[in-house]
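S.K.:
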Amino acid sequence: MERMRSSVSGCHDPAERLRQAWQQVRQARRVVVKIGSNLLTAGGKGLRQEWIAQRATEIVHLLQEGRQVVVVTSGAVAAGAPLLRLKHPPASLREKQAAAAAGQTILMRCYELAFAAHDTAVAQVLITRADVENRRRYLNARDTLWTLTSLGLVPVVNENDTVMVEEIKFGDNDTLSANVADLLGADLLILLSDVAGFFDADPRLNPQARPLPLVEQVTPALEKLAGGAGTTVGRGGMATKLKAAKMAARRGCHTVLTDGFRDNPITEVFKSGPVGTLFLADGTPLSAHKAWIANARLSRGEVLLDAGATRALQAGKSLLAKGVVAVRGRFDRGDAVVCLDPEGCPIAQGSVNYNADELQRIMGQHSTAFEAILGFVGDAEVVHRDNMVLLG
Ligand code: GLU
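Read left to right, the sequence shown gives residues 5 to 396 (the working numbering).
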């Protein structure tokens with residue numbers, strides 16, 4: 005699919021760069037709107053039907069302008085919790101799963117009513133991490149989203165919390181929304197949150213903290229600034245928002261993080277931005293296949309490289325067994341692994357051609373020795389560059 009050109013010109017004037025970037029935002033055709041639990045429930049006290057209705061009105065305007073919109077919603081656990089009649093908020097995995105199951109129907113009813121007022125149908129899409137990790141299911145989910153949006157429906161996506169276990173969850177809907185942006189081939193991800201943007205310092209500790217209008221690249225320094233999770237009813241925090249923006253950027257998708265408590269926060273993005281923080285898409289986005297490797301796949305192991313292999317990967321070459329010095333984790337051929345430089349920093353993620361036991365035996369060796377060691381002629385590369393993404 006054709007990607008929106010995302011780079012802003014080489015212009016050095018920050019105001020001009022911001023203006024150009026927002027021009028691109030306003031042109032977005034495929035949009036994912038992520039709505040956090042705090043907005044939907046206003047602190048965990050039932051769903052705000054009227055607020056959801058107002059967002060539906062805004063989204064229907066976007067559809068009328070010829071855009072396609074997918075909503076990623078939280079709020080199932082928060083909406084279902086009161087139905088369990090517990091004396092405490094759902095705490096165990098089972099309680100949360102039960103709350104999600106009970107709340108998801110309430111949540112969908114709210115969206116259904118809100119959009120029905122505009123003669124627009126919604127479609128419930130529940131996704132698990134396993135669905136995006138598995139290439140076939142990923143493609144099926146993508147096709148369904150494309151079909152629904154091209155037919156004028158609004159898919160309303162949530163994680164299928166009821167069947168998930170902790171280790172393999174998306175865990176937060178920020179990450180889920182970036183995966184959905186990836187699936188849809190979105191140009192724009194809007195994270196509606198209860199914060200005004202990404203701040204240059206923690207606003208809870210520093211009253212001077214200001215939201216950054218434009219983040220051209222998510223750097224390790226920004227990631228450090230983001231810290232951990234921070235809200236009461238949602239599971240995301242600044243760290244997950246930054247992670248989502250980074251995932252979306254790789255795929256050529258801009259992200260706007262904005263305060264959903266403002267009036268018409270979605271319309272504002274298209275009509276009167278700059279607003280909140282705009283995270284710019286990468287100038288040269290990854291292909292769909294490489295983005296899937298970087299964004300959708302969970303790493304099953306780690307492969308430690310020597311300095312030579314590290315340089316080779318950074319120069320765009322494949323990983324050879326000769327440059328592998330250690331193997332960690334249990335993985336199969338085809339699984340995703342992370343490649344670490346000699347200092348232990350992750351530099352790449354890719355699909356591996358050997359399982360962990362085989363790799364233990366051939367590491368440090370030239371590929372001509374593989375047959376004698378393994379008893380079969382395998383691939384010359386441990387991770388081929390076509391199946392690898394540099395994480396830098
Ligand atoms: N999927 C969860 C829910 O619907 C929300 C996760 C989050 O808040 O990020 O309750």
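We put the CB at the ideal spot given by N, CA and C, even for glycine.
#1: Let me make sure I understand the geometry here. Which of 182, 190, 341 has the alpha-carbon closest to that of residue 299?
#2: With a threshold of 6 Å on Cβ separation, who are the neighbours of residue 382 within its own chain once the five nearest residues in sequence on each side are excluded?
#3: If you follow the alpha helix (DSSP H) that residue 349 is in, where does it begin and where does it stop?
#4: Nearer than 6 Å: is that true of the beta carbon of residue 163 relative to any heavy atom of the ligand GLU?
#5: Please confirm if the segment 102–120 is in contact with the segment 145–156, defined as three or more CB-CB distances below 8 Å between the two stretches.
#6: Quick check on the burial criterion: 16 or more other C-beta atoms within 10 angstroms. Buried or exposed for residue 349?
#7: Determine the burial state of residue 212: buried for a count of at least 16 other Cβ atoms within 10 Å of its Cβ, exposed for fewer.
#8: Would you give the residue range spanned by the alpha helix (DSSP H) that residue 155 belongs to?
#9: What residue range is occupied by the uninterrupted alpha helix (DSSP H) comprising residue 65?
#10: Taking the beta strand (DSSP E) that residue 1 falls in, what are its first and last residues?
#11: Rounded to the nearest angstrom, how far is the Cβ of residue 44 from that of residue 33, given a contact under 8 Å?
#12: Spatial neighbours of residue 118 within its chain, please: CB distance less than 6 Å, with the 5 preceding and 5 following residues excluded, ordered by chain position.
#13: Report yes or no: do the segment 286–293 and the segment 262–270 share at least 3 C-beta pairs separated by less than 8 Å?
#14: Using only alpha-carbon positions, find the residue among 281, 85, 95 that is nearest to residue 421.
#15: Closest to residue 195 by C-alpha separation, out of 108, 82, 250, 329, would be which residue?
M.R.: Reading from the atomic positions:
#1: Here residue 299 corresponds to residue number 295 of the sequence shown, with the count starting at 1. Answer by Cα proximity: 182.
#2: What you label residue 382 is simply residue 378 of the sequence shown in a count that begins at 1. Here the set comprises 374.
#3: Within the sequence shown, residue 349 is the residue found at index 345, counting from 1. Per DSSP, residue 349 lies in no alpha helix (DSSP H) segment and is marked neither H nor E.
#4: Working through the sequence shown from its first residue, we reach residue 163 at position 159. Yes, the Cβ of residue 163 comes within 6 Å of a heavy atom of the ligand GLU.
#5: No, the segment 102–120 is not in contact with the segment 145–156.
#6: Counted from its first residue, the sequence shown places residue 349 at position 345. Exposed, since its Cβ has fewer than 16 Cβ neighbours within 10 Å.
#7: In the sequence shown, residue 212 corresponds to position 208, counting from 1. Looking at its Cβ environment, which holds fewer than 16 other Cβ atoms inside 10 Å, residue 212 is exposed.
#8: Position 151 of the sequence shown, counted from the start, is the residue given in the question as residue 155. Per DSSP, residue 155 belongs to no alpha helix (DSSP H) and is neither H nor E.
#9: As a first step, residue 65 is located in the sequence shown; it is residue number 61 there, counting from the start. In the DSSP annotation of this structure, the continuous segment of the alpha helix (DSSP H) that includes residue 65 starts and ends at 53–68.
#10: Only positions 5 to 396 of the chain appear in this structure, which leaves residue 1 out of reach.
#11: As a first step, residue 44 is located in the sequence shown; it is residue number 40 there, counting from the start. As a first step, residue 33 is located in the sequence shown; it is residue number 29 there, counting from the start. So it is not a contact: roughly 26 Å between Cβ atoms.
#12: Working through the sequence shown from its first residue, we reach residue 118 at position 114. The residues are 56, 57, 60.
#13: In short, these stretches do not touch, since the Cβ pair count stays below three.
#14: Residue coverage of the chain in this structure runs from 5 to 396, which leaves residue 421 outside it and unanswerable.
#15: Residue numbering aside, residue 195 sits at position 191 when the sequence shown is read from its first letter. The alpha carbon of residue 195 has as its nearest neighbour, out of 108, 82, 250, 329, the alpha carbon of 250.
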